[in-house]
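A.B. asks:
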Amino acid sequence: MALKKGWTALLLIICIGLMTACSSNNKDSSPSGSAASNDGGQDKKIKLVFWNTSYPTIDENDKTKKKEEFYIYKAIKRYEEAHPGVTIDIQDIPDGTNAMTKFQTAGIANNGPDITNLWSGNYTLDLKQFIQPLNEYLDQKVIDGMTGWSSVTENFADKGTIYGIPDGSDGTIGILYNKKLFADAGVDPEKMPLKNVQDFMGMLQKIKDTGVTPIAMEDDGDFVYFLDYWFAQMVGTPGINDIVNGKLKFSNPQLLEVMNQYIQLYKNGFVTNDQPQTQFYNGKVALIFGGYGYLSDARNALGDDLGMMKIPDFSESAVVHNGGVGGSGAGFVVSKSSKYPEEAVKFILFLLSEEEQIARFKDGYGKLLNVTNVEVGKFTDDPYIIRQQQWANEPSTIFWPDNIYPSELSTYISSMNSLVIKKQLPAADFLSKLDQKRDEILAQK
Amino acid sequence: MHYRTKETLSGYLSLLPAFLALTAIIFYPMANTFFHSFTKWDGATSHWIGLRNYKFIFTNGELWTLLRNNVIFLLSIPGILLLSLIVSVLLFEEVRGWRFFRSLYYIPTILSSVVVGLLMRMMFAQSGVINQFLHALGLSDGKLEWLSHVPTAFLVLIFCFYWQTLGQGALIFLSGLSSISHEIFESSSIDGANWWQRLFHITIPSLIPTIVYFTVTNAIYCFIGLFALVYSVTKGGPGLETTPIDYMIYIKAFQSPDQLGYSSALSIVLFVIVLFVSWVQLRLSNRFQE
Amino acid sequence: MANRRSFTVNAVIYAVLIAIAIIDFYPIVYMAVNSSRTAVDFFKNPGGLPEQWNFDNFKALYFRFDVLRLFGNTLYSAMAAFLVTMALAIPASFAFAKINFKFRSSLYMLIIATMTIPSITFVIPNFLLMSRLGLVDHLWSVILIWSITSVPSNIFLLVSLMRGIPNEILEASKIDGIRYAQTMTKIVIPLSVPGIITLAIFNTTGWWNDLFTPLIFLQSDELKTMTVAVATILKRFDTDYPLLLSGLFMTSLPPMIIYIALQKYIKKGLVIGSVK
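Take a look at the structure:
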């Protein structure tokens, strides 16, 4: 009996230990700030949790820069001073697909951040069960003052349920090139514009003949920057929508022709897939695909040798000419679990106000402004930045097709494309695999 | 009788806290996953769709690629087994400084798979140090894209796996060797048995329990422990060519909206496979030991 | 034995051992050396030595992270998790090793079989469970998951260890009428101390290296573990290889130091499970 008693005591101690440990933690404030659960309080304290996926907090060029010196921390400080009682709790989380993973799990637990930044389009809309619709918090005036709303609106429509607030603009993806290496090869696309893929190939061949690898792309073959543009310009935005809805197949003669030429770039040895930006900034390759996001780094690295042009049209029969992909590729969202959606929207609108967008632009943030009627020319004298802003407003700029595909399909295309470019999957098989995946996603809806 | 009941009771009570905890964190979630494998589940709401998830898994053709990838890792186990054996036998010769080597060999084992993965990813990059080295030796043109092609991407992954496992294996076999009595070795060398004969007739047979342990634990690892390594080295690519099943479960659960039911079903499939493999291995090793 | 080996045999043995030592240790040297370079310097010659030793990457990590806090979080969670694991595993292992009762071996097999369940299988249900308990984004969610999922492997090792406790000592204690708790605290635990230290090292280095659990369960910056913080921030800067390497190196240091300081216990632990 004595044995049992001692045993029970031990068990009790363990259990109590566990219980107290759990419950004492339980009493801590929940992440979304339960301090102000009674709204009657006069001086109510509001804590907004902000998952930062986009503002830089490490400067690769100045590694001794402290956290507080970064733009976003300063902006938050300004906001907190102007709004006593509101504190913003900023937390760094990874960007891109990892941000969506994290947002999804938090959403399942009803524990999402008040504010975060996600890729727009279907990357956001696929998570809409965890996102607060924002229509009631947005004035028409606010909406009119910014561009890019369709990227965060149900069905990409002009009117409808709004799930986010478009965050700046990526400009238009074009080609950044090294003028010196181009001149060495005797090519000048500014004087002799490239009319189609054959012209493009001819130019690349000349560069390759000088012993320089012409192009550097990411491991997935720059599918979202480059291949998608040729896809989209051949079928047009309505065509992309038809592909998503299953009305048009990926396996069609036009896209197959695009794929064949695209693979030809690799067959001809025009491309390396190793550290594209680093290679380009160090003068090892002649060009990369990119938009405003890489412009300031490229300018710092290459100075006056930097050139910029649009991706050449695939062929004269394209539906869209002289364009590129781009637009508002990301947007701010408010979690459904947020206790203060109105305050969260206020803070987002502060970050996206004209003054703050200008401030972060001057700080070197990787996005252009999406405020209507503001000329970037006032804040910069870099002609390429001005040109990026002009391009972004041209109707030939096609909204990111990977944001239009279901997000799972986009992930799948990138991973399969890395097989295609290394000649381990024939183009026709690639396209029919995409059709199969698309059909499976539709069937599971 | 009284004594026995008391003993039985204290036995069960000793197990109770552990079982309660495991029920909450492992058994219940397993049941939960099993249930949700028959549903369409977005994390918040689920509805019953019967066997549709399983139907997709077995018909969309991905499962065979995933399984093949796991099996490739499985087939790499004899290699690391042999390597660990050789290293431990060499260390067992106790040349001067063998303790130093033994300590050094274990260091990769204690590093995080994520660290190892990212590190190797850099070293095996096209302009990375491995290519630079091979080029300097004149063995290649220095432009090999290790991670973009299927056979070499697997080579890199298996290299990481070996790199992390060798120290552990060598240490395990070394302690196995020390439990063999020295007299056996002495007498056999007097009999004129050479080094190889001793290896195959004395050393290896007496290490069989250790070999079984090593093989079984690593085989299970090949099915359930590769996620972190693959995630940081190849991200499962190119395509799905290096994606093992547990990585696909992660993709479906966390990187595809609305697919938690599918990923639950895939989890169940993986569980059944691991159970089967463990069972086969134990049967085989029992037979072998006899 | 040593005197009977010829010079050539010795040379061959050394050659193999040294070759493997280089393959084993070079990547770690590579990591350490290259974290002290600038990105451009590294790009020019990834296999070479720095043109100039440059510790800016470590400075960046220091300025960006509250390093002490991250270490503290990880240490606190690992220690708490270890206490919980042991509280659960020691009585259970003792029962499996030394107490006779019905279904003992089948219950043992059940526990051991859970080691073959892929942990990814129960992440989502556990996430929901923790969120219902209000523990998501608290260190205790990670502590509970870590500790409980480690119970089976700890039982596995402790049982083989405790089987070695001589029955006579335990019989004597039964005759003396010493209570269960005392048997535990006076006999079983003291005799298992070396094994427990070994398990502490295995468990804590494993947890230190775990990315997945804390990545999913913790959200706030001030709660992150070292591994998560480094992985999170550096993912956004993965073009700056030296910066990434310095983060990797920093996360790898503590396990390496623990290993070097306590290596004799590690050897012991590996042996427990493998030799019958």
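Chains as they are written, first to last, in numbering that gives the first Met the number 0: chain C, 0 to 444; chain Y, 0 to 289; chain U, 0 to 275. Cβ atoms here follow ideal geometry from the backbone N, Cα and C, with glycine treated the same way.
1) Looking at residue 161 (chain Y) and residue 79 (chain Y), is the spacing between their C-beta atoms short of 8 Å?
2) Whole angstroms are fine: how far does the CA of residue 237 (chain Y) sit from the CA of residue 24 (chain Y)?
3) Just to confirm, is the Cβ distance from residue 367 (chain C) to residue 291 (chain C) under 8 Å?
4) Kindly indicate which residue of C:339, C:280 and C:432 has the alpha-carbon position closest to the one of residue 412 (chain C).
5) Establish whether the CB of residue 228 (chain Y) and some CB of chain C are separated by less than 8 Å.
6) Do three or more CB pairs link the segment 101-109 of chain Y to the segment 255-267 of chain U at distances below 8 Å?
7) Does residue 209 (chain C) come within less than 8 Å of chain Y when only Cβ atoms are used?
8) Could you please tell me which residues of the segment 114-127 of chain Y, in chain order, have their CB closer than 9 Å to any CB of chain C?
9) Taking a cut of 8 Å between CB atoms, which residues from the segment 237-256 of chain Y lie near chain C?
10) Against chain U, with Cβ distances strictly below 8 Å, would residue 217 (chain Y) count as a contact?
11) Pick out whichever of C:184, C:68 and C:198 has its Cα sitting closest to the Cα of residue 212 (chain C).
12) Check distances from the C-beta atoms of the segment 131-149 of chain Y to those of chain C and list, in chain order, the residues that come in under 8 Å.
13) Less than 8 Å between CB atoms is the rule here; does residue 235 (chain Y) satisfy it with respect to chain C?
14) To the nearest angstrom, how far is the alpha carbon of residue 101 (chain Y) from that of residue 347 (chain C)?
15) In chain order, which continuous runs of the beta strand (DSSP E) of length 3 or greater are located wholly inside the segment 151-188 of chain C?
16) Who are residue 288 (chain C)'s beta bridge partners in DSSP?
17) Please classify residue 192 (chain U): does DSSP put it in a helix, a strand, or coil?
18) Mind listing the chain C neighbours of residue 154 (chain U)? Cutoff is C-beta to C-beta under 7 Å, in chain order.
19) Enumerate in chain order the residues of its own chain whose CB-to-CB distance from residue 221 (chain C) is below 7 Å, with the five nearest sequence positions on each side excluded.
20) From C:377, C:315 and C:298, pick the residue whose C-alpha is nearest to that of residue 307 (chain C); which is it?
21) Would you grab the beta carbon distance between residue 228 (chain U) and residue 64 (chain U) for me? Rounded to a whole angstrom, and I think it's under 8 Å.
22) By the 10 Å Cβ neighbour count, where 16 or more other Cβ atoms means buried, how is residue 152 (chain Y) classified, buried or exposed?
23) Can you tell me whether DSSP reads residue 51 (chain U) as helix, strand or coil?
24) When you compare the CB positions of residue 93 (chain U) and residue 187 (chain U), do they come within less than 8 Å of one another, or not?
25) Answer yes or no: does any C-beta atom of chain U fall closer than 8 Å to that of residue 264 (chain Y)?
26) Which residues of chain C have a Cβ atom closer than 9 Å to the Cβ of residue 224 (chain U), listed in chain order?
27) Should residue 28 (chain U) be labelled buried (16 or more other beta-carbon atoms within 10 Å of its own) or exposed?
28) How would you write the range of the beta strand (DSSP E) that residue 95 (chain C) sits in, first residue to last?
29) Going by other Cβ atoms of all chains shown within 10 Å of its Cβ, with 16 needed for buried, is residue 187 (chain C) buried or exposed?
30) Within 10 Å of its beta-carbon, does residue 48 (chain U) have 16 or more other beta-carbons around it, so buried, or fewer, so exposed?
31) Beta-carbon of residue 218 (chain U) versus every beta-carbon of chain Y: anything under 8 Å?
32) The beta strand (DSSP E) that contains residue 449 (chain C), what's its start and end?
33) Please decide whether residue 239 (chain U) counts as near chain C, where near means a Cβ-Cβ distance under 8 Å.
34) What did DSSP end up calling residue 213 (chain C) once you bin it into helix, strand or coil?
35) Contact check, residue 174 (chain C) vs residue 286 (chain C) under 8 Å by CB: the rounded distance?
36) Shorter than 8 Å from the beta carbon of residue 44 (chain U) to some beta carbon of chain C?
C.D. replies: Inspection of the coordinates gives the following:
1) Cβ distance < 8 Å, so residue 79 (chain Y) and residue 161 (chain Y) count as in contact.
2) In a straight line, the C-alpha of residue 24 (chain Y) is about 35 Å away from that of residue 237 (chain Y).
3) The answer is yes: Cβ separation under 8 Å.
4) The residue among C:339, C:280 and C:432 with its C-alpha nearest the C-alpha of residue 412 (chain C) is C:432.
5) Chain C contact via Cβ: absent.
6) They touch, by the three-pair rule.
7) False, the Cβ-Cβ gap to chain Y never drops below 8 Å.
8) Listed in sequence order: 124, 125, 126 and 127.
9) Listed in chain order, the positions of the segment 237-256 of chain Y with a beta carbon within less than 8 Å of a beta carbon of chain C are 237, 238, 239, 240, 250, 253, 254, 255 and 256.
10) It does not: the Cβ of residue 217 (chain Y) has no partner Cβ on chain U nearer than 8 Å.
11) For residue 212 (chain C), the nearest C-alpha among the options comes from C:184.
12) Near chain C, meaning a CB-to-CB distance below 8 Å, the residues of the segment 131-149 of chain Y are 144, 146, 147, 148 and 149.
13) Output row for residue 235 (chain Y): interface = yes.
14) Each residue's alpha carbon lies about 57 Å from the other.
15) Annotation note: the segment 151-188 of chain C contains the following uninterrupted beta strand (DSSP E) runs of length 3 or greater, listed N- to C-terminal: 173-177.
16) DSSP output for residue 288 (chain C) lists C:174 as bridge partner(s).
17) Of the three classes helix, strand and coil, the one that applies to residue 192 (chain U) here is helix, per DSSP.
18) What residue 154 (chain U) touches in chain C: nothing, since even the nearest Cβ is about 15 Å away.
19) Closer than 7 Å at Cβ, skipping near neighbours: 288.
20) It is C:298 whose Cα lies nearest to the Cα of residue 307 (chain C).
21) About 6 Å; that satisfies the 8 Å criterion.
22) Looking at its Cβ environment, which holds 16 or more other Cβ atoms inside 10 Å, residue 152 (chain Y) is buried.
23) Shown here, residue 51 (chain U) sits in coil according to DSSP, grouped into three states, outside any helix or strand.
24) Yes, the pair counts as a contact, with Cβ atoms nearer than the cut-off.
25) Closer than 8 Å: no.
26) Here the premise fails: no neighbours, minimum Cβ distance about 14 Å.
27) By the neighbour-count rule (16 or more Cβ atoms within 10 Å), residue 28 (chain U) is not buried but exposed.
28) Looking at the DSSP string, residue 95 (chain C) is not in any beta strand (DSSP E); the run it does join, the alpha helix (DSSP H), is 95-107.
29) The residue is exposed, with fewer than 16 neighbouring Cβ atoms inside 10 Å.
30) The residue in question, residue 48 (chain U), is exposed, as its Cβ has fewer than 16 Cβ neighbours within 10 Å.
31) Residue 218 (chain U) does not count as touching chain Y.
32) In the structure displayed, chain C extends from 0 to 444; residue 449 (chain C) sits before or after that span and is not available.
33) True, the Cβ-Cβ gap to chain C drops below 8 Å.
34) Residue state, collapsed to three classes: strand.
35) About 5 Å separates the two Cβ atoms, so the contact holds.
36) So no, residue 44 (chain U) is outside the interface.
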